[in-house]
Amino acid sequence: MNTDTIEREAKLFEAGSYPDRGIDITEEDLERIAENTSNAPIRIEHMPTPFDGAIGVVKSVYRRGKELFGKLHFTRAAWELVKAANARRLSVALKKDKGAIVEVSLVREPRIADAAVFATGELSILGGSEISLDEPSVVNSEAEYLRSEIRRKDAQIEIDRLKRLGKLVPAGEVFARAILESDDDSVVTFGGQATPVRQLFLWFLDSQPKVIEFAELAVAQDHPNAEPDIYTKLGVTSDQVERYKKR
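Going by our numbering, the first residue of the sequence shown is number 4, and it counts up by one from there.
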């Protein structure tokens with residue numbers, strides 16, 4: 004690496020549903036974004052400033068599971084300013100078609116809603132992660148990746164279990180996954196103790212009755228052409244069920 008630049012790896016954003024932005028990001032989208040992004044500029048608060056072009060660029064964008072990472076290359080002068088200001092928070096400007104990253108900004112608050120540059124509606128704002136101001140550690144980076152993979156697999160195991168018990172419908176799976184993949188730093192006070200949000204969420208669902216009882220499947224429909232109530236409760240439609248039957 005050039006001694007006149009400082010490189011930091013950072014998580015940019017992850018696959019998931021962003022209802023406040025009207026956008027859904029899949030792992031396939033992450034792959035496409037990584038392939039199409041090259042030397043995206045680093046800016047401040049998503050706004051044109053006299054410092055444009057003098058801060059740095061984002062290189063080597065790549066996917067790790069459901070997360071998108073990038074290597075941020077700062078000019079040495081800009082990096083010293085970043086450290087002095089403790090400017091850790093990142094926000095990503097993404098093309099509306101999810102084709103590529105347009106720029107990455109250092110922001111006071113992530114995913115700014117009223118930045119003037121987005122008045123055209125051509126961009127989506129994602130992110131909210133933080134850049135490390137310390138020297139990078141390959142060991143720490145790999146360890147965090149492994150921890151996130153374990154959380155993802157554990158979450159899938161719990162989701163499958165809850166669905167078998169009839170306590171989670173397909174329509175609620177995306178929300179359950181977001182909570183169950185959260186790390187142990189996300190805690191609430193319960194019973195006088197700090198408890199991880201995902202653990203409390205599991206206790207809550209386990210304490211609930213079944214959402215769907217198998218006996219309901221035998222209930223006759225007054226109108227044969229009407230969508231069964233069971234489909235509505237499961238968060239699917241008759242057309243979706245028919246498509247799966249034909250597979």
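Note that beta-carbon positions come from the ideal geometry of N, C-alpha and C, so glycine has one too.
Since this is a predicted model, take the numbers as computed values, not measurements.
Annotated as proximal: valine 105 and leucine 97, with beta-carbon spacing under 9 Å.
The bridge partners DSSP lists for phenylalanine 72 are Lys14, Tyr65.
Secondary structure note for lysine 86: its alpha helix (DSSP H) is the uninterrupted segment 79–88. Taking all protein chains in view, the Cβ of leucine 149 is surrounded by fewer than 16 other Cβ atoms within 10 Å, so the residue is classified as exposed.
The alpha helix (DSSP H) runs lying completely inside the stretch 139–201 and spanning 4 residues or more are 141–167, 176–183, given in chain order. Between valine 107 and isoleucine 9, the CB-CB gap reaches or exceeds 9 Å.
Taking the Cβ atoms as the reference, lysine 14 lies roughly 6 Å from phenylalanine 72, within the contact range of under 8 Å. With respect to the 9 Å criterion, glutamate 70 and phenylalanine 16 are classified as neighbours on the basis of their beta carbons. In summary, glycine 59 is buried, with 16 or more beta-carbon neighbours lying within 10 Å of its beta-carbon over all protein chains present. According to the DSSP secondary-structure assignment, isoleucine 9 is paired through a beta bridge with Phe77. Arginine 35 and glutamine 196 have their alpha carbons spaced roughly 43 Å apart.
Under DSSP, the beta-bridge partners assigned to proline 44 are Val60. Listed as beta-bridge partners of glycine 19 by DSSP are Ile28. Within a 10 Å sphere around the beta-carbon of alanine 81 sit 16 or more other beta-carbons, which makes this residue buried. Around the beta-carbon of threonine 29, fewer than 16 other beta-carbon atoms lie within 10 Å, marking it exposed.
With respect to the C-alpha of aspartate 209, the residue from Gly68, Leu165, Ala18 having the closest C-alpha is Leu165. Just so you know, the alpha carbons of isoleucine 153 and serine 41 end up roughly 30 Å apart. One alpha carbon belongs to asparagine 39, the other to lysine 99, and they sit about 14 Å apart. With fewer than 16 other beta carbons inside 10 angstroms of its own, lysine 156 counts as exposed. In this structure arginine 111 is exposed. Its beta-carbon is surrounded by fewer than 16 other beta-carbon atoms within 10 angstroms.
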